[in-house]
Structure formats: structure tokens, C-alpha cells
Amino acid sequence: MSSHWSERLLIYNPYKCHLFKCRNRSIIVRDDTRKYEVLPLHAKIGIGENLATSGYLDIKVNGYEPEYEDRTWVPIIPGYTIFTKVHNSFVQLSIEKNIDNTLIFYWADYGGDETFANIQYSSRKPDFFASLIARLPGEGRISIPDLLGFNDKNNVEFLRSIINAKFPTIFKDFKKNYSAINKGITLKQSCKRKGIAILDDITLSSNSTSNIMSGLTVSREGLLMDGLSVQALAVQFFEIKDELYRVKKQLKIEKDKNLQNNHEEEDIDENQNLDYMIDEAISKE
1 MSSHWSERLL IYNPYKCHLF KCRNRSIIVR DDTRKYEVLP LHAKIGIGEN LATSGYLDIK
61 VNGYEPEYED RTWVPIIPGY TIFTKVHNSF VQLSIEKNID NTLIFYWADY GGDETFANIQ
121 YSSRKPDFFA SLIARLPGEG RISIPDLLGF NDKNNVEFLR SIINAKFPTI FKDFKKNYSA
181 INKGITLKQS CKRKGIAILD DITLSSNSTS NIMSGLTVSR EGLLMDGLSV QALAVQFFEI
241 KDELYRVKKQ LKIEKDKNLQ NNHEEEDIDE NQNLDYMIDE AISKE
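Residue numbers (my numbering): 1 to 285.
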């Protein structure tokens, strides 16, 4: 009986290849012959609009203690390469870097060649393997994190250890600063939804390229601002929001205090009435 394709890869380089099985029962062989490289973008954890520039995925990892809620940060590191089989195709997925230190994603489709010798098609794009998913035949949704083995506890621990070697406190710091980081993530998501809603309003209300909303000119192209200006706007937004919360809280305290005073006055009136009734009853005896 011929050996399994994964066993042949392990025999080829037993010290640099590692096999693990995913929750969807697929088999993945991780190839550690390439050098792993931690980039400047890995110095900060956060969700980016583009995974080519964010460096981390926040996903569920079975058996791994989450950073927040039920999510764990999984590093996306250049040098990471896996071989696996999807439907009837043997594929290779590799994470690489561009000259500007952003991420780019290479994949190769070997078709039915389980020796991984003859490439039928390959691509290198900053699309987090979306082009591979579009190419693969077969039914059912394919999860890219599953395909990469990012839901395997031991594999995630291995990747995080590479980050920890250069940034020893990064994951601990994230837990400590989670509230602030999550506020930024929530703001980005909220702004994106609001931007879509504004665009819909412009489209429905007028055919012109611009409009006025809340005294501000808005357009389909959006408002052009540099990063520092956006940051200043976000800080100002939360300062106003915190001040409104403080005022509302103070108003509630004053309201509760007034209600308490009213209750005390009512109690005093009731006591005075009771004293009067007692005096009346005594005087009649």
C-alpha cells in the first residue's frame, strides 16, 4: 500500500515538517523550512480593513484561552507555509512579505498531483487567499483560517511564540489595554456602517455628487483627512461622549436627590398629621 501524501512530506523533512488535523478533519502539513519574519506591523495588535496590513486575525481557537470574549489573536507571519488537500485539489498556501513590509499571500494549486511537483495554477496577491477560494471547485463554504490551520491550539501557540520572542509582552499588554483597543475597533466598525448609510442617503435624495448633512458637506468620495486628523476627531468624539455621560449621570443623581427630598418632606407632613391627630385625641379625653 502506498503511503499517504502527508507521510511522504514528513519523511522528506521530518524535523521541519509538522502534521496536524483540523476540526473539519482535514490534514495539514506545516513546512518550517522557510524563515519566519516578524514585521513592524506586528508590533501593534488590532483589526485592519486590509489583512495585508494588520498582521493579526481575531478568531475562535478551540481549547485556547481567549484574549477577549471568545476570541484569540492569531499572528499572520511571513514564512508560514502549509500543504493540504481541498476537495480534489492539493494546494500550498504561503504567507510572504512585500518590499514595503506588508503581507502578500501566495498559493499554488497542484490539482490531483499529491507529490506537489506540478503546479497547475498559482497566484500572489494581498487578498488573504480569496482568489484561491474562488478557484477551488466543490460545494460548501471554505474557511480560510481553518484551511491555514489557525484553529489548531498547538499551531496557534507556535505562531504566538514567534511573536513573543520579539515582543514579549504584546499579548499581555493587549489584555490590559483591551477596553481602549476595543473602543477603537468598535468606532471603526460604527463609522463604516454610518458611512454606508450616508452614501445610501445621498443616492436616494439627490443625483448630485455632494449633499449637506448636519451642516457638513458630504460626498460619495468621503471626507479626505490624514491619520492625525482622524485620530484627533476620534478623541474629540469620545471626549464629548464622556462629557455627555458625566452630565447625564449628574442629572440622574440630582433627580434621585430631589425625589429623596420630596419623600422626606412627605414623611415629615405625615408625621405632623399623626402628631396633630394624637393631640386631638388626647384633648378630647
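Built from N, CA and C at the ideal position, the CB exists for glycine as well.
For clarity, every value in this text was computed on a predicted model and none was experimentally measured.
Residues that residue i bridges to, as DSSP identifies them
{"i": "Ile104", "result": "Glu96"}
{"i": "Trp73", "result": "Asp58"}
{"i": "Asn211", "result": "Val218"}
{"i": "Ser131", "result": "Looking at the DSSP assignment, Ser131 forms no beta bridge with any residue, so it has no partner."}
{"i": "Leu19", "result": "Val29"}
{"i": "Phe90", "result": "Lys85"}
Burial state of residue i, where buried means 16 or more other Cβ atoms lie within 10 Å
{"i": "Ser89", "result": "buried"}
{"i": "Phe150", "result": "buried"}
{"i": "Ser190", "result": "exposed"}
{"i": "Ala117", "result": "exposed"}
{"i": "Pro168", "result": "exposed"}
{"i": "Asp152", "result": "buried"}
{"i": "Val247", "result": "exposed"}
{"i": "His42", "result": "buried"}
{"i": "Thr186", "result": "exposed"}
{"i": "Pro40", "result": "exposed"}
{"i": "Gln92", "result": "buried"}
{"i": "Ser362", "result": "The chain is shown from 1 up to 285; residue 362 falls before or after that span and cannot be answered."}
When the options are compared against residue i, the one with the closest alpha-carbon
{"i": "Ile76", "options": "Glu65, Leu233, Ile82 and Ile95", "result": "Ile95"}
{"i": "Gly111", "options": "Thr102, Asp127 and Pro137", "result": "Pro137"}
{"i": "Leu147", "options": "Glu239, Lys21 and Pro40", "result": "Lys21"}
{"i": "Val86", "options": "Glu67, Asp70, Asp113 and Pro66", "result": "Asp113"}
{"i": "Arg124", "options": "Ala134, Ala130, Trp107 and Ile133", "result": "Trp107"}
{"i": "Leu68", "options": "Asn177, Lys255 and Lys257", "result": "Contrary to the premise, residue 68 reads as Tyr rather than Leu in this sequence. Of Asn177, Lys255 and Lys257, the residue nearest in Cα terms is Asn177."}
{"i": "Asp32", "options": "Arg8, Tyr12, Thr53 and Tyr80", "result": "Tyr80"}
{"i": "Leu103", "options": "Pro14, Thr203, Ser3 and Leu51", "result": "Leu51"}
{"i": "Lys16", "options": "Arg34, Val156, Asp226 and Ser6", "result": "Arg34"}
{"i": "Asn164", "options": "Ala180, Tyr36 and Tyr245", "result": "Tyr36"}
{"i": "Val297", "options": "Asn98, His18, Pro145 and Leu10", "result": "Past the boundaries of the shown model lies residue 297; the chain is included only from 1 to 285, so the question cannot be answered."}
Integer-rounded CB distance, given that residue j should sit under 8 Å from residue i
{"i": "Lys218", "j": "Ile198", "result": "With the sequence shown as reference, residue 218 is identified as Val, and Lys is not the correct amino acid for it. With 8 Å as the limit, Val218 and Ile198 qualify as a contact, their Cβ atoms being about 6 Å apart."}
{"i": "Thr84", "j": "Ser143", "result": "With a Cβ gap of about 12 Å, Thr84 and Ser143 do not count as contacting."}
{"i": "Asp127", "j": "Phe158", "result": "In fact, because the Cβ distance is near 25 Å, the residues do not count as touching under 8 Å."}
{"i": "Gly46", "j": "Gly184", "result": "7 Å"}
{"i": "Lys249", "j": "Val38", "result": "No, Lys249 and Val38 are not in contact; Cβ-Cβ is about 44 Å, not under 8 Å."}
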